[in-house]
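The structure appears right after this line, and notes come after that.
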Amino acid sequence: MRQVGVIGLGGMGIALTESLLGAGWPVRCYDIRPDPVAAMVAKGAEAAAGPRELAAASDVVLTFLPGPDQVRAVALDPADGVLAGLRRGAAMLDMSTCGPDLAEELGSAFDAAGRRFVDCPVSRKAPHMTVLVGGRPGVLGADEEVLAAVSRVIVHCGRRGAGYAVKLLNQQVKYSWYLASAEALLVGAALGLDAETVATAIEESSGSDSGFSTAAKFFRGDAAGIATHAPASTIEKDLALAEAMAADAGVRSRLLSAAVDFFVTAGGTPYRERPYPESSALLQALRAMPPRTGA
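Be aware that the sequence shown starts at 228, since it is given in this note's numbering, and climbs by one per residue.
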């Protein structure tokens, strides 16, 4: 059975370690804080003194860390990093949320040393994780069995760094939707509407759909799926009324204003009377910008 190492015992790392132990995998763990390590040892894990020691005893190292700086340090520290201890054929699978440039940096360093690095960020906690793999089917090798034991689904996202990229896109959708929802509820409160009633009504209405599935139909080329949607002119009218209502209530919603601006622009094009998801075709012209230098 493969020896599994886990570095980073925050909420996500603890859930991962507990799930691995529950599935029967031998786990060695490390965190800069002794208390969560002790808690996992009490549940059957072994403790390691540092990343290098942990890596030397593991076939696969799973890392759950706060961000790029911590991942880089844990991976590459010449004295006590994962790469310094990892044996040939072993791998580091990073489950943190980072940018795709880090996957290129660390992947190149691991390649040069004859070791494997794969970006594998996740959505949700173990054992219900969606694992977003930066690579095509097969890149995980035997380590896929380990991840499959503690996840709901594994999605191979494409090239190296694509796992990190898709995780950031997920965060963009999730938290933009959260903010739009919070702003709408704020307007409702400013109008004197009962928050419980507003929330229940929207939960039972189309507003409970983030709109992601509709946008995805366009980008998937699902013409039949978007044909039944209202024309962009209707959305322009509805959002203009919503913006005016918010202003009357003394609330400025930046996300709503951005949506109004977009559909006003769409209203001046042939997309005006087309199903509104087709207006996504305007985004390339409206949102494109030169890449950052060095990106």
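The C-beta atom is built at its ideal place from N, Cα and C for all residues, glycine as well.
Could you check what DSSP says for Met228 in three-state terms: helix, strand or coil?
coil
Coil, strand or helix - Phe344 by DSSP:
strand
Here's the rule I'm using: 16 or more other beta-carbon atoms within 10 Å means buried, otherwise exposed. How should Pro502 be labelled?
buried
Given a cut-off of 8 Å, decide if Arg299 and Ala318 are closer than it, judged by their beta-carbon atoms.
no
Under the rule that 16 or more other beta-carbon atoms within 10 Å means buried, what is Ala450, buried or exposed?
exposed
For Ala471, does the count of other Cβ atoms within 10 angstroms reach 16, so buried, or fall short, so exposed?
exposed
What's the gap between the Cα of Gly232 and the Cα of Gly249?
15 Å
Can you say whether Glu245 is buried or exposed, counting buried as having 16 or more other CB atoms within 10 angstroms of its CB?
buried
At the 8 Å Cβ level, is Gly494 part of the contact set with chain B, yes or no?
Included in the structure is just one protein chain, with no chain B present.
For Ala222, which residues of its own chain have a beta-carbon under 6 Å away from its beta-carbon, when the five flanking residues on both sides are left out?
Since the displayed the chain opens at 228 and closes at 522, residue 222 lies outside it and no answer follows.
With a floor of 4 residues, list each alpha helix (DSSP H) that falls wholly inside the region 248 to 329, ordered by position along the chain.
261 to 269, 278 to 283, 295 to 303 and 309 to 312
Determine the DSSP secondary structure at Leu420, reduced to helix, strand or coil.
coil
Rounded to whole angstroms, what's the CA-CA distance from Asp296 to Asp307? Just pull it up for me.
15 Å
Hey, could you find the ends of the alpha helix (DSSP H) Val491 is sitting in?
Arg481 to Gly494
Roughly how many whole angstroms lie between the Cα atoms of Asp518 and Phe439?
Checking the displayed sequence, the identity of residue 518 turns out to be Pro instead of Asp. Approximately 25 Å, taken between the alpha carbons.
When the Cα atoms are used, what is the spatial distance from Glu371 to Cys384?
14 Å
Can the beta-carbon of Thr324 be found closer than 8 Å to that of Lys401?
no
Beta-carbon proximity check, Leu281 vs Tyr257, cutoff 8 Å
yes
Given this structure, state the Cα-to-Cα distance separating Leu329 from Ile429, to the nearest angstrom.
40 Å
Which residues mark the beginning and the end of the beta strand (DSSP E) in which Thr357 is found?
Met356 to Val360
Look up Pro517 in the DSSP assignment and say whether it is helix, strand or coil.
coil
Closest to Pro278 by CA distance: which of Ala265, Leu303 and Ser507 is it?
Leu303
Do Leu310 and Val345 have their C-beta atoms within less than 8 Å of each other?
no
Comparing alpha-carbon positions, which option in Leu243, Trp252, Val478 and Leu468 lies nearest Phe490?
Leu468
Looking only at C-alpha atoms, which of Ala508, Leu513 and Gly240 sits nearest to Ala353?
Gly240
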